[in-house]
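Residue numbers (full-length UniProt numbering): 16 to 437.
All C-beta atoms in this analysis are idealised placements derived from N, C-alpha and C, irrespective of residue type, glycine included.
Since the structure is predicted, the reported quantities are computational estimates derived from the model, not experimental observations.
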Amino acid sequence: GDLPPEDAVLVARRARALGPAYRLFYETPVHLVRGEGVWLYDAAGEAYLDTYNNVASVGHCHPRVVEAMARQAATFASHTRYLHETILEYSERLLATFPAELGHLMFTCTGSEANDLALRIAREHTGGSGIIVTENAYHGVTLAVAGFSPSLGPGVPLGEHVRTVPAPIPALGARTGEVFALGVQAAIEDLARHGIRPAVLIVDTVFSSDGVIPDPAGFLAPAVAAIRAAGGLFVADEVQPGFGRTGAGMWGFARHGIVPDMVSLGKPMGNGYPVAGLVLRPEVVAEFGARGRYFNTFGGNAVAAATAAAVLDVIEAEDLIANARSTGAYLVQGLRTLSTRFPALGAVRGAGLFIGADIVTEGAPDAALAHRIVNDLRAARVLISATGRTASTLKIRPPLVFAPDHADIFLERLEGVLAALA
Ligand code: PMP
């Protein structure tokens, strides 16, 4: 559809006020004014099914989270340099969801800061500086972290000590882990040839920006062993898969039977309130802690901690991990059934409510078609996007309160879009 004139005015105002670096979703941008559960509403009152937002993970504007946030904001709202129990209660509770080896939680405001802090700590601990990431990884926006986020494209140069490895290849099945680890080993050797010792291998444990690669569960173990054997640390970036999304417990790394050295958290942690953090093994932060102090003005403030605690309450009270598992399985099944009728829909991969569906023409990735489908779904009032190195995989990642009824609405509208294109 055409952009309503009042929205065209907003587009122009954005360009004027925010400058040239921002990008809107969709050929016809959506002007949203309200959210509730899995639904978002535009300025004209039309409802959009949100199959994409993993920040509002327990549902848009969840009343229990909003209430906790407002109550704390009205009571005490300061930083981490005073004694206050909210942050301790939250930290103890969150740490209890991790393996015992991961004993500390440091607070940041964004996933980018968590990954930046992970790098600083790893450099102190290992004495190395090499960084290994996947070929289309995204880990954030700081100077250092953008330098190991190749998905930002050739316009954003990688750091000198950064090496990329091929993403895991799901078609290899049982050999996925072995082949992925060979890539990591080659990167370690290339760093060594340049006189660089490795500090970290960091991966998103569901490989979201590489095209959503969850299986076979366990495939990460050989790569983790390789980086450790070379003296580096393994960082699990749980900014996307964390907090129950994979439907197999709270953390994506657990599907792989590994215990990371550090785990970065963000997006869904506060359901939209900016709270993020880094969970780590106490021994890796010893040097960093001895050498300097860490204070992040807004990180872990009392409102952040109270909000994040309410998110944990909702995950438990509404049994959202089980829902991610069952509704995710239902959605994968529905997509696979559709794929038998529409050749444009290729392989479907998923763990819980984190699903990738390849868009193909004659079996080859088709980014232009994926772009068309994303925009046609937007016209059908379903919000979705595409991911992967060639941006040809539909990324389906709804709030965890997504129910089978919502999956049916999504599948029906997707079928309509595919039928119209066929
Ligand atoms: N890591 C991953 C895997 C992410 O997807 C993102 C955000 N898209 C980040 C880190 C950075 O998080 P933030 O935008 O909160 O800095």
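Between Arg340 and Phe310, the alpha-carbon positions lie close to 37 Å from each other.
Residues of the same chain with a CB within less than 6 Å of the CB of Asn316, apart from the 5 flanking positions on each side, are His94 in chain order.
The alpha-carbon separation between Gly226 and Glu128 amounts to approximately 24 Å. If you keep only unbroken beta strand (DSSP E) runs of at least 3 residues inside the stretch 191-245, you get 213-219. With the rule of 3 Cβ pairs closer than 8 Å, the stretch 393-404 does not count as touching the stretch 322-338. Per the CB criterion, closer than 5 Å to any heavy atom of the ligand PMP, the qualifying residues run in chain order as Thr125, Gly126, Ser127, His154, Gly155, Asp219, Asp252, Val254, Gln255 and Gly281.
Of the candidates Leu392, Val215, Leu167 and Ser106, Leu167 places its Cα closest to the Cα of Arg38.
Counting C-beta pairs with one atom in each stretch, the stretch 344-357 and the stretch 137-149 have fewer than three that are closer than 8 Å, which means they do not touch.
Note on geometry: alpha-carbon atoms of Tyr67 and Val347 lie some 15 Å from one another. In the three-state reduction of the DSSP assignment, Met84 falls in the helix class, which pools H, G and I.
By the CB criterion at 8 Å, Phe303 and Asp276 fall outside the cutoff.
The alpha-carbon separation between Val278 and Arg243 amounts to approximately 16 Å. DSSP, reduced to helix, strand and coil, places Tyr153 outside both helices and strands of the structure shown, so it counts as coil. For Ser106, there is no enclosing beta strand (DSSP E); the enclosing alpha helix (DSSP H) covers residues Glu100 to Leu110.
With 16 or more other CB atoms across the displayed protein chains lying within 10 angstroms of its CB, Asp65 is buried. Rounded to whole angstroms, the gap between the alpha carbons of Val26 and Gly34 is 11 Å. Short of 7 Å from the beta carbon of Pro237, and not among the five residues preceding or following it, lie these beta carbons of its own chain, in chain order: Gly192, Glu193 and Ala196.
According to DSSP, Pro380 shares a beta bridge with Val375. Below 8 Å, too few C-beta pairs join the stretch 387-394 and the stretch 361-371 to call them touching: fewer than three. Following the DSSP letters along the chain, one finds Arg49 inside the beta strand (DSSP E) bounded by residues Leu47 to Glu51. In the assembly as shown, Pro256 is a buried residue. Its beta-carbon has 16 or more other beta-carbons within 10 Å.
CA-CA distance, Pro78 to Thr125, rounds to 23 Å.
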